[in-house]
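Going by numbering that gives the first Met the number 0, the sequence shown opens with residue 0, and the numbers climb by one from there.
We treat Cβ as the ideally placed atom computed from N, Cα and C, and that holds for glycine.
Structure, as structure tokens:
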Amino acid sequence: MLHIGHGYDVHAFAEGRRLVLGGVDIPYARGLDGHSDADVLAHALMDALLGAMRAEDIGQLFPDTDPAYEGADSCLLLGRVARLARERGYRILDVDCTVAAQAPKLAPHRQAMRENLASAMGVDVAAVGVKATTTERLGFVGREEGIAAWAVALLEEVR
Ligand code: MG
């Protein structure tokens, strides 16, 4: 049986933070605020996987009140979610993600993001899509207040 999941996340820009997207450290004047490394793309993808599993969401799984996740590498957490999926009898078939950022330009980093996310989940890079868009200067993304990400995941229930 096939299941689809959808995930969405937003993080606000903050001074003095790294900008980590899809596990890639992107050189930029500001980073994203958050308890973990604030990798908004990995977070949306984790929620998509968990959605397809009809499981907990990442807030329940990795509470931001838990000091264990302070500054956490979200790709490691993504790996844990992928392992959980396998343990519960799911195979990750395909995922696709969109990141909305007015700045910086993300296109040069797309391939590295795909490779990091695929490697974290233990799937082929061909099974991972990452796209980037601006929002034509509209809304909170367009005003460069933060970055938003969406992800969908297709999982097969194998038992
Ligand atoms: Mg998040």
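As assigned by DSSP and simplified to three states, the class of residue i
i	result
residue 65	coil
residue 159	Outside the shown range of the chain (0 to 158) lies residue 159, about which nothing can therefore be said.
residue 150	strand
residue 169	Given a span of 0 to 158 for the chain in the structure shown, any question on residue 169 remains unanswerable.
residue 17	coil
residue 78	helix
residue 11	strand
residue 2	strand
Alpha-carbon to alpha-carbon, residue j and residue i
i	j	result
residue 112	residue 127	9 angstroms
residue 82	residue 52	12 angstroms
residue 49	residue 29	29 angstroms
Integer Cβ distance of residue i from residue j, believed to fall under 8 angstroms
i	j	result
residue 57	residue 98	Rounded, the Cβ-Cβ distance is 17 angstroms, inconsistent with contact.
residue 22	residue 46	About 16 angstroms; that fails the 8 angstroms criterion.
Closest Cα partner of residue i within the set the options
i	options	result
residue 123	129, 114, 130	114
residue 79	120, 64, 107, 104	120
request  = Considering only heavy atoms of the ligand MG, list every residue whose Cβ is less than 5 angstroms from one of them, following chain order.
outcome  = By the rule of a C-beta closer than 5 angstroms to any heavy atom of the ligand MG, the residues picked out are 8, 42.
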